[in-house]
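If you read the protein sequences in the order shown, they are chains E and V.
Going by the working numbering, the first residue of the first sequence is number 1, and it counts up by one from there.
Going by the working numbering, the first residue of the second sequence is number 1, and it counts up by one from there.
Worksheet: the structure to be examined is printed underneath.
Protein chains: 2
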Amino acid sequence: MSGNEKDLLPSWNEGQVKRAMIDFVSRVTKKGGPYFVPAEDRIATFDNDGTLWIEKPFYVQLFFAIDRIRSLAQQHPEWREKQPYKAILENDKAALANISKKEIAEMLLEVHAGSGQEEFIRIAREWLANARHPRFNTLFTELVYQPMLELIDYLRANGFKVFIVSGGGIDFIRAFSEETYGIPCENVVGSSLEYEYAKIDGDWRLTRLAKLNKYDDAEGKPESIALHIGRRPIFVGGNSDGDLAMMRYAATGKKPFLNVLLHHDDAHREWSYDVESPVGKLSEGLDEAEERGWTVVSMKNDWDKVFQLKFNKI
Amino acid sequence: MSGNEKDLLPSWNEGQVKRAMIDFVSRVTKKGGPYFVPAEDRIATFDNDGTLWIEKPFYVQLFFAIDRIRSLAQQHPEWREKQPYKAILENDKAALANISKKEIAEMLLEVHAGSGQEEFIRIAREWLANARHPRFNTLFTELVYQPMLELIDYLRANGFKVFIVSGGGIDFIRAFSEETYGIPCENVVGSSLEYEYAKIDGDWRLTRLAKLNKYDDAEGKPESIALHIGRRPIFVGGNSDGDLAMMRYAATGKKPFLNVLLHHDDAHREWSYDVESPVGKLSEGLDEAEERGWTVVSMKNDWDKVFQLKFNKI
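Below, the structure written as structure tokens:
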């Protein structure tokens with residue numbers, strides 16, 4: 001960086017990772033240069049859980065589901081004998097920690113089926129405005145990563161269009177993506193249930209059905225990118241093996257690309273996990289990133305700050 | 001309109017329709033006014049076939065399929081006995097005119113299955129650069145409606161985000177939407193097949209499968225809007241009964257809305273059709289528009305020009 005240029009990534013420590021990102025953006029935006037990519041093709045896709053915000057001790061959406069299930073349990077006596085509801089109602093922490101992303105998604109579909117889209121987003125917003133993280137005792141939306149907020153802004157300032165492509169529920173993310181990341185609803189891609197537009201009691205209504213439409217993880221990510229975005233990304237941010245497919249998708253295109261893989265190796269400020277973690281497992285991804293020279297971010301070494309500055313204790 | 005304001009809709013004749021559109025846009029953009037809608041909620045959705053470009057004598061995508069089927073017929077002897085392929089290869093015009101939008105979509109899926117997204121878009125672009133409309137003897141992309149191009153620009157100038165929501169194939173529309181309408185790939189919603197990301201002969205590849213993912217017409221339109229956009233539109237443009245569901249969806253929201261229904265009543269400059277037309281049927285829509293006071297555009301009376309100015313004979 002030249003001395004009089006403003007640092008748009010102040011929470012990233014100087015080093016190889018920060019340099020790789022700035023070099024990439026400079027190259028693809030340099031008109032007439034050999035790596036120039038026109039603005040319409042500057043697609044950046046980011047995973048959400050563990051990439052843009054915290055995913056420990058388990059997915060935020062699972063906290064949401066737990067609270068929701070507890071508040072609706074009276075109306076659903078069958079949940080007492082059915083997993084994963086049983087584990088939730090009995091507060092069985094060992095069982096809870098092993099619930100897969102897919103089981104969560106399916107459970108959420110069931111818990112929130114029957115409502116409209118606007119109603120669901122309102123319920124999620126109310127929850128997000130009140131629920132607190134057990135370790136940090138703060139709102140979940142404050143536990144988004146400051147360096148990633150800066151990166152999103154930096155990419156946008158350079159003509160990129162930024163999308164979330166997440167295994168999490170599409171409407172849950174839409175409840176906070178605009179306010180929290182500046183990423184509008186239509187730029188959110190995620191797991192989804194089926195919507196049905198039908199006449200109910202004389203009124204036309206859109207309803208969220210308890211039926212999975214798309215599980216947007218692993219190979220589902222490039223598939224959803226094709227459907228929703230229609231273009232291959234050239235910048236991909238992720239943190240787990242579930243993001244590998246969209247990184248491979250970027251890497252096999254004909255354009256320059258940068259894959260940035262966040263490694264959670266900071267038990268002091270956040271969490272340290274990779275190959276053994278049921279949530280946010282990162283094993284194959286680390287190997288492939290090393291083999292192919294993709295950019296691996298060490299939370300411990302590359303980030304000066306972890307959480308957004310509003311929550312500036314860490 | 002005040003005397004010193006520039007007319008951004010010069011191809012629309014003065015009258016009730018033009019006034020309704022300008023009044024609506026003025027109201028929803030007036031900060032502090034009772035009808036103000038914040039920019040993030042200013043979602044406009046337009047049907048494509050018959051709303052933004054010509055759909056007669058049949059859907060443009062059917063011309064594309066016909067040429068494609070003829071060029072691939074040697075490799076598919078089974079098509080000689082299978083409808084609608086048979087009608088196409090035998091040039092059976094009566095049968096062709098009655099092929100439904102859904103049959104076309106399914107046939108297109110089959111014809112184009114196996115290719116990647118980028119490859120398919122490239123094939124569609126090559127076709128669009130050469131194929132000509134039988135009546136007007138010009139490129140199909142020149143047969144887009146000038147008043148609609150102005151309307152899209154006018155909405156965008158007023159902070160609207162403009163989307164296509166079409167029964168046509170999503171990737172076919174993406175082949176020309178950006179260049180023709182200034183509507184980028186990610187703002188195109190349409191019928192889709194399933195995409196599969198899988199390892200083929202050692203390489204990870206995205207493939208378009210011959211399997212319908214979503215038929216995006218009628219009730220499918222609000223369902224796809226929920227999935228892709230995540231917000232209810234406040235401005236809807238359409239021309240057939242297939243657009244009625246998304247108009248109802250806009251009309252039952254809590255925000256101000258404007259539904260604009262184009263009536264093809266201009267046999268001289270374009271075509272005249274409504275209740276009896278198999279393609280672009282408009283019957284229930286006319287009744288409901290009248291009953292609810294939605295805006296009906298008469299092509300004959302409300303449009304000073306029909307096609308885009310490049311093709312300025314009409």
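Here a beta-carbon is modelled for each residue, glycine too, at the ideal position from N, C-alpha and C.
No experiment lies behind these values; they were computed from the predicted model shown.
- Residues of the stretch 3-37 of chain V whose Cβ lies closer than 9 Å to any Cβ of chain E: none.
- Here V/Y35 is exposed, its C-beta having fewer than 16 other C-beta atoms within 10 Å.
- Taking a contact to require three or more Cβ pairs closer than 8 Å, the stretch 237-252 of chain V and the stretch 45-58 of chain V qualify as touching.
- Residue ranges of uninterrupted beta strand (DSSP E) with 3 or more members, entirely inside the stretch 7-56 of chain E and ordered along the chain, are 43-46.
- For E/G280, no alpha helix (DSSP H) encloses it, and the DSSP letter there is neither H nor E.
- In chain order, I164, I170, I173, R174, S177 place their CB closer than 7 Å to the CB of V/V188, counting only its own chain and leaving out the 5 sequence neighbours on each side.
- Shown here for E/S115: same chain residues with a beta carbon closer than 8 Å to its own, the five before and five after excluded, namely I123, T207, R208 in chain order.
- Within the stretch 188-228 of chain E, the complete alpha helix (DSSP H) segments at least 4 residues long are 220-228, listed from N- to C-terminus.
- Taking C-beta atoms under 8 Å as the contact rule, E/E150 and E/L9 qualify, at a distance of about 5 Å.
- For E/R27 and E/F257, the gap between their C-alpha atoms comes out near 10 Å.
- Boundaries of the beta strand (DSSP E) around V/H263: 258-263.
- Shortest Cα-Cα distance from V/G159 to any of V/D41, V/K18, V/W12 involves V/D41.
- Taken in chain order, the complete alpha helix (DSSP H) segments of 4 residues or longer contained in the stretch 108-132 of chain E are 117-128.
- The Cβ neighbour count for V/P147, taken over all protein chains shown within 10 Å, is at least 16; the residue is labelled buried.
- Neighbours of E/H268 in chain V, taken as residues whose beta carbon is under 8 Å from its own, are absent, since the nearest beta carbon is some 37 Å off.
- Judged by pairs of C-beta atoms under 8 Å, the stretch 86-103 of chain V touches the stretch 276-285 of chain V, as three or more such pairs exist.
- Residues of chain E with a Cβ closer than 7 Å to the Cβ of V/Y195 are, in chain order, E223, A226, L227.
- Separation of V/Y181 and E/E270 (C-alpha to C-alpha, rounded to the nearest whole angstrom) is 47 Å.
- Contact between V/Y197 and E/E223 is confirmed by a C-beta separation of about 5 Å, below the 8 Å threshold.
- Within the stretch 226-247 of chain V, contact with chain E at the beta-carbon level (separation under 8 Å) is assigned to A226, L227, H228, I229, G230, R231, R232, A245.
- Among the residues of chain E, those whose CB is under 9 Å from the CB of V/E186 are I43, K161, F163, E186, N187, H228, I229, G230, R231, following chain order.
- Here E/H268 is exposed. Its C-beta has fewer than 16 other C-beta atoms within 10 Å.
- Buried is the label assigned to E/N259, since at least 16 other Cβ atoms lie within 10 Å of its Cβ.
- With fewer than 16 other Cβ atoms inside 10 Å of its own Cβ, E/D304 counts as exposed.
- If you draw a 10 Å sphere on the C-beta of E/L72, you find fewer than 16 other C-beta atoms in it, and that means exposed.
- About 6 Å separates the beta carbon of V/L143 from that of V/F136, a gap short enough to meet the 8 Å contact definition.
- By the Cβ neighbour-count rule, V/E5 is exposed, with fewer than 16 other Cβ atoms within 10 Å of its own.
- DSSP, read as helix, strand or coil, puts E/T180 in helix.
- Nearest Cα to E/L261 within the set E/S11, E/K161, E/K18: E/K18.
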